[in-house]
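A.B. asks: Using this note's numbering, the first residue of the sequence shown is number 24, and each one after it goes up by one.
C-beta: ideal position from N, C-alpha, C; glycine also.
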Amino acid sequence: SSVASVLILPFAVVAALWLADRIVAHNTYWFAASPYLSKDVRQRWRRFWPIEPWWNWLRQLVQPMPTHHMQVDDQMLAYEQTERNRYAIGFGAVIFAYLCCTVCVLLLPTPWLNGMLGMAAFITVLLAYGFLNARQAIQRLGIKHVCGLVLRAVVSWLTYNRHGTRAPGVFRSPAGSAAGRTRRYGGVLAFLTFAMLPVAAYFPLASLLVGLDPWLEAAQKPWIVNWMISNTIGDHSVSLDDDAADYELPRVYREGLSRDRRKQLESALAAAAARDRQRQAAYPIVTASPEAAFWTSVRGAQYGLPWSTLSAVIGVLASTSFPPLLLFSIIFALGSRRLAHHLDTLEGTATAAGAYHPSTDTTFWQASVDRMLQSEFEAEQADEYGDTIRERDHLLVGHNLYSDYPVLIHRDILAEHAHITGDTGSGKSSLGIAPLIAQLLRSAQLNNESFSVVVLDLKGDMTLFETARHGVQDINQARPRRKRYKFRWFTNRAGRSTHVFNPLQQQHVRSVTPQQKASILLQSLGLDYGEGYGKSYFSAVHRDVLVKLLEADPSIGSFRKLQYVFRNELPTIQREQNLKARHVLEASHLLTVVDSLATFDALNVEPGDKHPEAVFDCQIDMADVIHDPQVIYFYLTAALEEKSVAEIAKLALHSLLTAAVHHGARKHRVYVFVDEFQQVVSTNLEIVLRQARSHNIAVILANQTLQDLDRGEINLIPTVQANTRFKQVFSASDLMQQDALIQSSGETIYELFSSTTGGAADTFSEREEIGPRLRRNDVIGVSDRPLQSFVHVTRGKGFSQYGGFVFPVQSLFHISPGEYDRRKNAQWPDARDGTIVPSATPSSEEQKPSEPKPRPTRRPPPPQDLADLEERIENL
24 SSVASVLILP
34 FAVVAALWLA
44 DRIVAHNTYW
54 FAASPYLSKD
64 VRQRWRRFWP
74 IEPWWNWLRQ
84 LVQPMPTHHM
94 QVDDQMLAYE
104 QTERNRYAIG
114 FGAVIFAYLC
124 CTVCVLLLPT
134 PWLNGMLGMA
144 AFITVLLAYG
154 FLNARQAIQR
164 LGIKHVCGLV
174 LRAVVSWLTY
184 NRHGTRAPGV
194 FRSPAGSAAG
204 RTRRYGGVLA
214 FLTFAMLPVA
224 AYFPLASLLV
234 GLDPWLEAAQ
244 KPWIVNWMIS
254 NTIGDHSVSL
264 DDDAADYELP
274 RVYREGLSRD
284 RRKQLESALA
294 AAAARDRQRQ
304 AAYPIVTASP
314 EAAFWTSVRG
324 AQYGLPWSTL
334 SAVIGVLAST
344 SFPPLLLFSI
354 IFALGSRRLA
364 HHLDTLEGTA
374 TAAGAYHPST
384 DTTFWQASVD
394 RMLQSEFEAE
404 QADEYGDTIR
414 ERDHLLVGHN
424 LYSDYPVLIH
434 RDILAEHAHI
444 TGDTGSGKSS
454 LGIAPLIAQL
464 LRSAQLNNES
474 FSVVVLDLKG
484 DMTLFETARH
494 GVQDINQARP
504 RRKRYKFRWF
514 TNRAGRSTHV
524 FNPLQQQHVR
534 SVTPQQKASI
544 LLQSLGLDYG
554 EGYGKSYFSA
564 VHRDVLVKLL
574 EADPSIGSFR
584 KLQYVFRNEL
594 PTIQREQNLK
604 ARHVLEASHL
614 LTVVDSLATF
624 DALNVEPGDK
634 HPEAVFDCQI
644 DMADVIHDPQ
654 VIYFYLTAAL
664 EEKSVAEIAK
674 LALHSLLTAA
684 VHHGARKHRV
694 YVFVDEFQQV
704 VSTNLEIVLR
714 QARSHNIAVI
724 LANQTLQDLD
734 RGEINLIPTV
744 QANTRFKQVF
754 SASDLMQQDA
764 LIQSSGETIY
774 ELFSSTTGGA
784 ADTFSEREEI
794 GPRLRRNDVI
804 GVSDRPLQSF
814 VHVTRGKGFS
824 QYGGFVFPVQ
834 SLFHISPGEY
844 DRRKNAQWPD
854 ARDGTIVPSA
864 TPSSEEQKPS
874 EPKPRPTRRP
884 PPPQDLADLE
894 ERIENL
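1. The beta strand (DSSP E) that contains HIS422, what's its start and end?
2. Go ahead and pull the three-state DSSP assignment for LEU432.
3. For TRP512, which three-state DSSP category applies?
4. Which same chain residues end up closer than 8 Å to PHE145 when comparing Cβ atoms and leaving out the 5 residues on each side of it in sequence?
5. What distance in whole Å lies between the Cβ atoms of SER179 and ASN50, which are believed to be in contact at a cut-off of 8 Å?
6. State yes or no: is the C-beta of ASN184 within less than 8 Å of the C-beta of VAL193?
7. Which partner residues does GLN653 have in the DSSP bridge list?
8. Would you check if the distance between the CB atom of ALA224 and the CB atom of ALA341 is smaller than 8 Å?
9. On a Cα-Cα basis, can you pick out the residue from PHE776, ALA715, PHE700 that is closest to LEU739?
10. Tell me whether the beta-carbon of ASP384 lies closer than 8 Å to the beta-carbon of SER839.
11. Relative to the C-alpha of GLY835, which residue among ALA763, PHE749, SER812 is closest?
12. Based on Cα-Cα distance, which residue from GLU736, ASP733, THR728 lies nearest to PHE753?
13. Suppose you measure from the CA of GLU664 to the CA of VAL638; what does that come to, to the nearest Å?
14. Would DSSP call ILE588 helix, strand or coil?
15. Rounding to the nearest angstrom, what Cα-Cα distance links VAL900 and ARG415 in this structure?
16. Secondary structure at LYS673, three-state DSSP: helix, strand or coil?
17. Among all the DSSP beta bridges, which residues are the ones paired with TYR694?
18. Please go through the same chain and pick out, in chain order, the residues whose beta-carbon is closer than 7 Å to the beta-carbon of TYR825, but skip the five residues on each side of it.
19. Just confirm the distance between the C-beta atoms of TYR694 and VAL476, as a whole number of angstroms; I'd bet it's less than 8 Å.
20. Pull up the CB-CB distance for VAL743 and LEU724, whole angstroms please, since I reckon it's below 8 Å.
21. Would you say VAL668 and ALA661 are within 8 Å of each other, going by their C-beta atoms?
22. Using 8 Å as the threshold, is the segment 392–401 in touch with the segment 204–219, meaning 3 or more CB pairs across them?
23. Would DSSP call TYR658 helix, strand or coil?
24. Determine the closest residue to HIS365 out of LEU708, ARG748, TYR102, with distance taken between C-alpha atoms.
25. Ends of the alpha helix (DSSP H) at GLU736?
26. Of the residues MET142, LEU131, ASN108, which one's Cα is nearest the Cα of PRO33?
27. My parser needs the alpha helix (DSSP H) runs of 4 or more residues fully inside the segment 126–183; what are they?
28. Can you tell me whether THR343 is buried or exposed, with buried defined as 16 or more other CB within 10 angstroms of its CB?
29. Using the beta-carbon count (16 or more within 10 Å), is GLY448 buried or exposed?
30. I'd like the list of long-range same chain contacts for ARG413, defined as Cβ closer than 6 Å, with 5 residues on each side in sequence excluded.
31. By the three-class DSSP mapping on this structure, what secondary structure does ARG282 have?
32. Excluding sequence positions up to five away, which residues of its chain have a Cβ less than 6 Å from the Cβ of ASP731?
33. Looking at the structure shown, is HIS612 part of a helix, part of a strand, or coil, going by DSSP?
34. According to DSSP, is TYR825 helix, strand or coil?
35. Quick one: is THR771 buried, meaning 16 or more other Cβ sit within 10 Å of its Cβ, or exposed?
36. Should the segment 841–852 be called in touch with the segment 484–491, which here means at least 3 C-beta pairs below 8 Å?
Here it is, written out as structure tokens:
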């Protein structure tokens, strides 16, 4: 068996070389999948390092790889050609090291230990060669870094994509599935083990410390249990030859000794002769076969011999650990330099940027998004509606917490609205809204797309504001002037620059009747209370008063002008429009809202005011939003004036919807983000969610909990749940939200085990139980983690196929911590052409609207009779 093992071991080493080449290829292609690399660099690199049989690498020593067809630059050519040659040398170096160690083994004077010493020397040479070879390429690497790099390569080979996920965005190993890679690794390791252990005599390492005597002593003991094959390790006991000649003292020397001394010496010589005869009989037993020494130590352990017990334990541990160590050494010697080189050039290490991608502050999230948005990958089959499935039509949400595949959301899913919830500080804005806005604007930059984004920020997040502003700046860098995005903002903060947004000066409002204008304003301001006793009456009162005011003075073009008419011209309008005084008193809510909105300068600018023409040219008009690509940001601080902020946000939202309805169908999509959505909850918002999709408006809502949407008489929870196709929950602290997640997760089968102690024996039982996929503890655990959330896609599209179940997701920040701090502390944009700076305490002249245009007065006809006169007096 020893001879057979020696003959098999070279083939095992060759098999280990083949496996090492596959492991190195798997990991270097993983490095090449780095999102930091551009597409052309990745393609050129793959021409240098194709997947081919390992023996082709040996040809590079004789015939270098042709590069005339590669179209590569000189730097890459110098890098990769040198590394290819070094890698090819590595195959020969491993085989040469094995041959040298074999020759040394044959020359050692201790044949019993030669195999073990040879394997130890072979491993040492491989590790030294691998480290020196890698260190020659990259001087800064230490032995710890190189060993860790190779160890991670082996772990990646055995564990990467162990779930077998074939989701888009998951790296496809050139070596196949994880199960196949594990089988190949196990097969080569078993082959190497069976060939190595007989050669190394199962590692009698203790003999190096105590010598051969413990084995010889153990060999003299008979087997306690006669279960071993005698011709494998010798007889079960050692018989001494009593007829053998004793050692004799020289005659001259013996005659000069006393009788007692002579007997003493003769006894000692006889004992030495007996020990020698025992050694001669035991040595063949110990060396009868490769595993004889191991089983001899086991025999001694049965009799309690201390060194035998220790040697048996050491032999088992060495026989278990040395074969994997030898395989690791071969992988280390062959692949350490190539892995280090590609880690440095393709992915970039912690100490230096990679050679093939720029050294920037780009985060992994940003690089991954750019890679996805620039992807040309298309599915072979169209979807159920016949549409082509393209990777660049998706947005990255995060990675599945359990299977670690990227979670992609098709943009058509957002077109049917989204809802994001989470407690304060859970990441609704930084992990939910901001990454979506950044990706949308980045897609417009990379793919030359045109759409609009409207952000209604009711808490005043400067980081989110800067995300939108920087996104527009990046888009406009590479676009001609006529195709650039516009970025306009509106704020209720006094003393800050702002663009003008006048709901009564919108293009679609100018061409509607007074009745339609009144209906738009009442729905926008939440003054249309809906159907029901009392509600319908006061809604009709508001409509009657507002319509009469607009009919009486068609020049009303701002809330400040409406306030002026309300307070100064109402008696005349009452007479002319037959407006009842009781209705005026019952419309006090309308007057209060108008008074509140009239205090905002940026909300009441109209032609004829003392403002430059650029202010009107750059005003926020929702008709332009639905036709021209632009980003509109409403920076509203609800902490200062909650009611007014909610009314402004609702005005913007309804203005956008009515503008879309007025201008008809189009392909230009508008994405509307509403942060702190609970501030604008009203019954009239139901129509926004139900009709926005048909007008190509995607609404993304964000608030803290579902319970925030239930305001007693106004409960938008069913409407939001039914009209949002994508939902993301960053934390679920209230029981209602937890129950909704548990119920939406679906059901699965659980196996329950129980045991009963008592009687003659313990009894065990097993039963199956159907329960929700997510338990309450799962929801609580994910809610506790800062970067984790739950995602629910009710109906999939494209690569967003998740079965309709709720599942946990791990998200990443879209910017670095340093960039986040810079954006958070950024200064508000300075005033420029097209903006105004409202003062904190506007003067009375600023509050007074421009003089109304003279309108014809109508004299009432003369009374026909006394009854008619009395009725007019009563009305007055």
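C.D. replies: This is what the structure holds:
1. 417–423
2. As written in the sequence, residue 432 is Ile, which differs from the Leu given in the question. Looking at ILE432 - three-state DSSP - the assignment turns out to be strand.
3. Of the three classes helix, strand and coil, the one that applies to TRP512 here is strand, per DSSP.
4. ALA120, TYR121, CYS124, LEU349, SER352
5. Rounded, the Cβ-Cβ distance is 6 Å, consistent with contact.
6. yes
7. Answer by DSSP bridge pairing, in chain order: LYS509.
8. no
9. Of the candidates PHE776, ALA715, PHE700, the residue whose Cα lies closest to the Cα of LEU739 is PHE700.
10. yes
11. Reading the sequence as shown, one finds Leu at residue 835 and not Gly. Ranking the options by Cα distance to LEU835, first place goes to SER812.
12. THR728
13. 25 Å
14. Per the sequence shown, the amino acid found at residue 588 is Val instead of Ile. In the structure shown, VAL588 sits in a helix (DSSP, three-state: H, G or I).
15. The structure shown does not extend to residue 900, since the chain is modelled only from 24 through 899, so no value can be given for it.
16. helix
17. VAL476, ALA721
18. VAL816, GLY819
19. 5 Å
20. Right, their Cβ atoms sit about 7 Å apart.
21. yes
22. no
23. Correct three-state label for TYR658: strand.
24. TYR102
25. Segment: none, GLU736 is in no alpha helix (DSSP H) and carries neither H nor E.
26. Taking each of MET142, LEU131, ASN108 in turn and checking the Cα distance to PRO33, the smallest one comes out for MET142.
27. 137–160, 166–182
28. exposed
29. exposed
30. GLU401
31. helix
32. GLN701
33. helix
34. Here TYR825 sits in coil by DSSP.
35. exposed
36. Cβ pair count under 8 Å is three or more, so yes.
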